[in-house]
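Below is one structure, written out as C-alpha cells, with a few remarks after it.
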Amino acid sequence: MITTPVSEQAIKTAATCLKQGGLVAFPTETVYGLGAIATDNRAVARIFKAKKRPSFNPLISHFADRRQALGAGEATLIAEKLAAAFWPGPLTLILKRPVDSPISMLASAGTDSLAIRVPAHKVALALITEARAPIVAPSANLSGRLSPSTAIHVLQGLGEACDIILDGGACEKGLESTVIDCRTERGVLLRPGPITSEDIYKHTGIMVSPPLFDDIGMRDSDILVSPGQLPSHYAPKASVRMNAQTRNFDELFIAFGPAPLGIVEDFNLSEKADLVEAAARLFSILHAADKLAPKSIAFAPIPVAGLGLAINDRLSRAASPRPS
Ligand code: TXA
Ligand code: MG
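Yeah, the sequence shown ends on 387 if you go by the working numbering, and it's all consecutive.
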C-alpha cells in the first residue's frame, strides 16, 4: 500500500492500478471513496471484503460525464432535471438498471437498480477520465464505522486494504452525498446530504419526499430504501448521545455554537453555529474525539433544518444501539 500526494503522475499510476483490478482510495468533495472499476467483478468483490460490507448493500458508480452517467441507467425526467441542476456535485441518483448493463451485478447487490453520481472534485474526475471507466466507490471506511474526510482517516481505518491512497487533503463537504431514488417521478430522499430538499426545491421546483414508513422494511415495495441506511451506522467506538444539555461523567462534550451554561466543551462543530462548517467538520471531530477513548460523546442540539437534517441523520445512526 502507498499513500501519495496528488500529481498527474500519481493519477496515472492510480488509474493503471485500477485497470489491473486494484483498489484506490481517492478524495471527492463529500468523503474519501474506495474505488474499483465498476465493470470488474473481482475488484468490486474485493471492496466488499475490504470493508466487511454486507453483500446486500449496493455501491455508487461514479462517472466523469453527466450524459454517460444518465446513460448507464434508465433515466427518468426527474433524474434528468436533478442531474442538470446539481452535477457535478454531491448528489446520487438511483435509476433502474438496464438488463444489459456492463456494471458488476455486485454493485447493484442483486437488485435491478443502479446508483450513479458525477462528483465535483478534480482528482476524482481526473481519475475516472484516466481509467476510461466508471468507478464504484463506497466511503473508504470499515462498514458501519465513521466515514473518512481525510487521507489519514482512510489510512487508519482501511489502510491495508488499499493498493494506493491518493491524498488530496480534507474533503470540502465532509458528509456523504444526498441519495434520491429517481425510478418514479415521486423522487424519494433515501439519504439526506449536502444538497438539501430546500436546495432541490429552489433550483428545480421538485419536492422530494422521505421514504414512506412501509418502505423502511425494504420488503414488498418497489421503492427501495438505501440498504446502507441501517439504524446503526457511522459509529465511533464511544457511544453517542444527542441533544445533550448536560455533561455526564466520562463524557466528551461537542458544542454547536456557544456551549450550554456551565459546560466546557471539548470540541465545537461550529462556534458561529454555521451548519455548513459543522457538516464539514463532523467526521473529523468524531474521529478526533474517539481517539481520546471516552466512554461516551455528547452532542449539543443541532437544528433539524437544511443541512442540519443530514447532520442529525448521521448522529442518530451513530447513537443507535450497535449490533452485538
Ligand atoms: O458521497 C458519497 O456518496 C460517497 C463518495 C465516495 O462518493 N460514497 C458513499 O458510498 O457514501 P457508500 O457506499 O458509503 O454509501 C452509498 C449509499 C448507501 O446507503 C447505499 O445503500 C446506497 O447509497 N445505495 C447504493 N446503491 C443503491 C441502490 N442501487 N439503491 C438504493 N440505495 C443505494
Ligand atoms: Mg458509507
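C-beta: ideal position from N, C-alpha, C; glycine also.
Self-check item: Three or more C-beta pairs below 8 angstroms linking the segment 155-172 and the segment 215-225
Solution: Proximity of the segment 155-172 to the segment 215-225 falls short of the contact definition, fewer than three beta-carbon pairs being nearer than 8 angstroms.
Practice problem: Give the straight-line distance between the Cα atoms of S124 and R116, rounded to the nearest whole angstrom. | Solution: Here the C-alpha atom of S124 lies approximately 16 angstroms from the C-alpha atom of R116.
Exercise. Might you give, ordered along the chain, the residues of its own chain that have their beta carbon closer than 7 angstroms to the beta carbon of S295, omitting 5 neighbours on each side?
Key: The answer, listed in chain order, is G207, R380, S383, P384, R385, P386.
Quiz item: Is DSSP giving I374 helix, strand or coil here?
Solution: Residue state for I374 is assigned as helix, using DSSP reduced to three classes.
Quiz item: Whose CA, out of R160, P299, F111, lies closest to the CA of A178?
Solution: Nearest option by C-alpha distance: R160.
Quiz item: Under a Cβ-count criterion, where at least 16 other Cβ atoms within 10 Å of its own Cβ denotes burial, should Y264 be classed as buried or exposed?
Solution: By the neighbour-count rule (16 or more Cβ atoms within 10 Å), Y264 is not buried but exposed.
Quiz item: If you draw a straight line from the alpha carbon of L345 to that of N104, how long is it in whole angstroms?
Solution: Those two C-alpha atoms are separated by around 33 angstroms.
Exercise. Could you name the residues that DSSP lists as bridge partners for R105?
Key: R105 is not bridged to any residue.
Practice problem: Sort S333, E314, A132 by Cα distance to I326 and report the nearest one. | Solution: Nearest Cα to I326 within the set S333, E314, A132: E314.
Practice problem: Compare the beta carbon distance of D353 and A318 with 8 angstroms and say whether it is the shorter of the two. | Solution: The Cβ atoms of D353 and A318 do not sit closer than 8 angstroms to each other.
Quiz item: Measuring from the CB of S347, is there a heavy atom of the ligand MG at a distance below 7 angstroms?
Solution: Shortest gap from the CB of S347 to any heavy atom of the ligand MG: 7 angstroms or more.
Self-check item: K159, enclosing beta strand (DSSP E) - first and last residue
Solution: In this chain, the beta strand (DSSP E) harbouring K159 covers 154-159.
Practice problem: Determine which residues share a DSSP beta bridge with F330 and list them. | Solution: Paired residue(s): I317.
Self-check item: Any non-hydrogen atom of the ligand TXA within 7 angstroms of A178 CB
Solution: Distances taken from the Cβ of A178 to the heavy atoms of the ligand TXA include one shorter than 7 angstroms.
Practice problem: Just mark N395 as buried or exposed, buried being the case when its beta carbon has 16 or more other beta carbons within 10 Å. | Solution: Since the first and last residues shown for the chain are 64 and 387, residue 395 lies out of range.
Exercise. State buried or exposed for D283, treating a residue as buried only when at least 16 other CB atoms are found within 10 Å of its CB.
Key: With a pLDDT of 36 at D283, under the threshold of 50, the modelled position of that residue is not reliable, and the figure given next carries that caveat. Result: exposed.
Quiz item: So L169 and V94 are in contact, right, with Cβ under 8 angstroms, and what is the actual spacing, rounded?
Solution: No, L169 and V94 are not in contact; Cβ-Cβ is about 21 angstroms, not under 8 angstroms.
Exercise. Leaving aside the five residues before and after A88 along the sequence, list all residues of the same chain whose C-beta is less than 6 angstroms from its C-beta, in chain order.
Key: Cβ within range, chain order: Y95, L97, A203, V217, C225, I228.
Quiz item: How would you write the range of the beta strand (DSSP E) that L229 sits in, first residue to last?
Solution: Element bounds for L229: 227-230.
Quiz item: Is H350 near the ligand TXA, judged by its Cβ being under 7 angstroms from some heavy atom?
Solution: Checking the Cβ of H350 against the ligand TXA gives no.
Quiz item: DSSP puts P68 in a beta bridge; with which residues?
Solution: According to DSSP, residue pairing for P68 in a beta bridge involves D230.
Self-check item: Exposed unless 16 or more other CB atoms sit within 10 angstroms - verdict on R246
Solution: Per the 10 Å Cβ criterion, buried.
Exercise. Please name the residue, chosen from P121, N120, K144, F119, that lies closest to R129 on a Cα-to-Cα basis.
Key: Selected option, being the one with the closest Cα: K144.
Quiz prompt | 6 angstroms Cβ shell around P323 - same chain, five flanking residues per side excluded | solution = Counting only residues of its own chain and dropping the five nearest sequence neighbours on each side, P323 has a CB closer than 6 angstroms to the CB of Q308.
Quiz item: Is A146 helix, strand or coil when you go by DSSP?
Solution: Helix at A146.
Practice problem: Tell me whether R310 is buried or exposed, calling it buried when 16 or more other Cβ atoms sit within 10 Å of its Cβ. | Solution: Looking at its Cβ environment, which holds 16 or more other Cβ atoms inside 10 Å, R310 is buried.
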